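Take a look at the structure below.
Following this line, the structure appears as structure tokens:
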């Protein structure tokens, strides 16, 4: 990664650049220039589309108009959000300090998600198969680590159904605790909008309730109620009403497991990516929810 190219592309005076973290899809760098800090995301696999990124930025901007907080999307000197060189794509954002959200932020999480869903922004794109399709049933028997969990994986796969495109609107699609940052002044900042795309609000709410309030097999019913109450106040939409609402969460879990297992088994892959994938497979399997957890979330939400 050429520091000089990055700074020139975004019109910044040259400064400092250091790794701040990484996820499955990209690495976060912290840039320092002119007394300010910036976050740059380096995507491991190119293929992002500028039009899709602009749609995401539009949702973020609308959310900020409605009172939410989120890092700025910063353009290149040519006005694009994406910059690309030698097959590597990057994006630049303002830096956000703070600590990840916690279950104690349940009410605020509901308000944030409800505010996003109240925007009712539509898109001509269909729901990505990542969110409503899964691998063939026999796939799990091909993953050695998954053998003890095949029955539970099959139960999750049985919940996945194609989304109704008529119910879809632009959604954040990754509303986990680490993507809500408690800023030094006490406010919550919504991070990582890169997955933004068409989704069904009921399904995103169901997945958010599970992510925030299901830990080590235990469902925090009071937390679910607080999130749902705040969500309804923010957008007027009803809570999830059946197991089908967890279709998106089940699809994401299974597709992530599938993708990371393939990467872990790829001897030609970058060693760093393989190490990450091996750890990801272990973590996903160790924390797989079951249908009973979904039912307890639904009971609390109702």
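In this note's numbering, the protein residues as written are 39 to 340. Note that beta-carbon positions come from the ideal geometry of N, C-alpha and C, so glycine has one too. The structure displayed is predicted, hence computed values, not measured ones.
Query, Result
"Can you tell me whether DSSP reads residue 284 as helix, strand or coil?", "helix"
"Is the segment 73 to 81 in contact with the segment 46 to 65, if contact means three or more CB pairs nearer than 8 Å?", "yes"
"Which residues in the same chain as residue 230 place their Cβ atom closer than 7 Å to its Cβ, once the five residues preceding and following it in sequence are excluded?", "212, 217"
"Spatial neighbours of residue 258 within its chain, please: CB distance less than 7 Å, with the 5 preceding and 5 following residues excluded, ordered by chain position.", "141, 251"
"Only counting the same chain, and skipping five residues up and downstream in sequence, which positions put a Cβ closer than 8 Å to that of residue 234?", "93, 94, 97, 98, 208, 209, 210, 211"
"Here's the rule: buried if 16 or more other CB atoms are within 10 angstroms of the residue's CB, otherwise exposed. What is residue 322?", "buried"
"Going by DSSP, what residue range makes up the beta strand (DSSP E) through residue 86?", "That residue, residue 86, is in no beta strand (DSSP E); it is neither H nor E in DSSP."
"What is the DSSP secondary structure of residue 159, counted as helix, strand or coil?", "coil"
"Please give the ranges of any beta strand (DSSP E) in the segment 208 to 279, keeping only runs that are unbroken, at least 3 residues long and fully inside the region.", "218 to 220, 226 to 228, 235 to 237"
"Is DSSP giving residue 66 helix, strand or coil here?", "strand"
"Just to confirm, is the Cβ distance from residue 261 to residue 331 under 9 Å?", "no"
"Just to confirm my understanding: we take residue 199, look at its own chain, exclude 5 residues before and 5 after, and list those with CB closer than 8 Å. What are they?", "170, 282, 285"
"Determine the burial state of residue 241: buried for a count of at least 16 other Cβ atoms within 10 Å of its Cβ, exposed for fewer.", "buried"
"Evaluate residue 41 with the Cβ neighbour count: other Cβ atoms within 10 Å of its Cβ, from every protein chain shown; 16 or more gives buried, anything less gives exposed.", "exposed"
"Hey, quick one: how far does the alpha helix (DSSP H) through residue 323 stretch, first residue to last?", "309 to 324"
"For residue 154 and residue 314, I'd like the C-alpha separation in whole angstroms.", "31 Å"
"Considering residue 194, what are the terminal residues of the alpha helix (DSSP H) in which it resides?", "188 to 197"
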